[in-house]
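Take 7 as the starting number for the sequence shown in this note's numbering and just add one per residue.
The beta carbon of each residue, even a glycine, is placed where N, CA and C say it ideally should be.
Below is one structure, written out as structure tokens, with a few remarks after it.
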Amino acid sequence: MAHKQPVSALVIIHTPQLDVLLLERADRPGFWQSVTGSREGEETLRETAIREVREETGLDAEQYNFSDWQLCSEYEIFPHWQHRYAPGVTHNVEHVFGLELPAPLPITLAPGEHLAYKWLNWRQAADKVFSWTNAEALRALGERHQLTL
Numbered sequence: 007m008a009h010k011q012p013v014s015a016l017v018i019i020h021t022p023q024l025d026v027l028l029l030e031r032a033d034r035p036g037f038w039q040s041v042t043g044s045r046e047g048e049e050t051l052r053e054t055a056i057r058e059v060r061e062e063t064g065l066d067a068e069q070y071n072f073s074d075w076q077l078c079s080e081y082e083i084f085p086h087w088q089h090r091y092a093p094g095v096t097h098n099v100e101h102v103f104g105l106e107l108p109a110p111l112p113i114t115l116a117p118g119e120h121l122a123y124k125w126l127n128w129r130q131a132a133d134k135v136f137s138w139t140n141a142e143a144l145r146a147l148g149e150r151h152q153l154t155l
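Below, the structure is given as structure tokens:
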């Protein structure tokens with residue numbers, strides 16, 4: 007198995023009313039998150055985000071309002087996922103993208119990757135996700151919306 011690259015995309019999928027899609031991890035039931043995944047090969051971060059959206063939800067991000075938020079965070083890789091990375095790699099850099107849908111849409115989950123999905127308002131979603139970087143990105147969504155009002 008090839009090691010994962012310590013560079014990833016996080017995609018906040020939301021509606022204009024700030025309902026947010028969360029996915030429950032199959033390998034960690036009870037762990038909820040937005041779409042996320044590591045870069046593969048030489049793909050751009052945009053390509054990574056679009057691929058992950060398609061793989062994890064069945065949606066084509068390019069058919070909707072898809073944007074690079076120009077935000078990134080570095081975090082320590084959780085010990086239970088450390089084996090996926092090359093020896094000595096302890097941190098990941100996560101880049102945030104947004105995908106605005108016209109309304110909550112039905113999702114096709116990736117078999118073996120996620121157990122369930124739900125749509126929550128951004129505040130509830132920020133409280134539910136297990137990752138501090140995901141919570142931070144969800145709060146940024148709320149702040150961006152307040153600036154446009």
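Residue 9 (DSSP reduced to helix, strand or coil) = DSSP places residue 9 in coil when its eight states are reduced to three.
Quiz item: Going by C-alpha distance, which of 76, 58 and 77 is nearest residue 68?
Solution: Nearest in C-alpha terms to residue 68, of all of 76, 58 and 77, is 58.
- prompt: According to the neighbour-count rule (16 or more other Cβ atoms, all chains shown, within 10 Å of its Cβ), is residue 120 buried or exposed?
  reply: For residue 120, the number of other beta carbons within 10 angstroms of its own is at least 16, and it is reported as buried.
- Message: Less than 9 Å between the beta carbons of residue 53 and residue 11, yes or no?
- Response: Their beta carbons are not under 9 Å apart, which means residue 53 does not touch residue 11 by this criterion.
Residue 57, enclosing alpha helix (DSSP H) - first and last residue | Run containing residue 57: 51-63, per the alpha helix (DSSP H) assignment.
### Query
Do you know how far the Cα of residue 97 is from the Cα of residue 48?
C-alpha separation (whole angstroms): 19 Å.
Here's the rule I'm using: 16 or more other beta-carbon atoms within 10 Å means buried, otherwise exposed. How should residue 136 be labelled?
So residue 136 counts as exposed.
Note to self: According to DSSP, simplified to helix, strand and coil, what is residue 76?
What the structure shows: The answer is strand: DSSP assigns residue 76 an E or B state.
Q: Have a look at residue 146 and residue 113 and give me their C-alpha separation to the nearest angstrom.
A: Distance between the alpha carbons of residue 146 and residue 113: 24 Å.
query = Just the Cα atoms here: how many angstroms apart are residue 108 and residue 95?
reply = Linking residue 108 to residue 95 through their CA atoms gives a straight-line distance of about 39 Å.
Quick one: Cα of residue 65 to Cα of residue 117, how far?
Their backbone Cα atoms lie some 15 Å apart in a straight line.
>> Give me, in chain order, the residues of the same chain whose beta-carbon lies closer than 8 Å to that of residue 60; leave out the 5 immediate sequence neighbours on both sides.
In response: Cβ within range, chain order: 66 and 67.
Tell me the DSSP secondary structure of residue 155 in three-state form. A caution first: residue 155 carries a pLDDT of 42, below 50, which makes its placement in the model unreliable, though a value can still be read off. For residue 155, the secondary structure class from DSSP, reduced to helix, strand or coil, is coil.
**Request:** Can you tell me which of 143, 26, 21 and 77 puts its alpha carbon nearest to the alpha carbon of residue 124?
**Result:** It is 26 whose Cα lies nearest to the Cα of residue 124.
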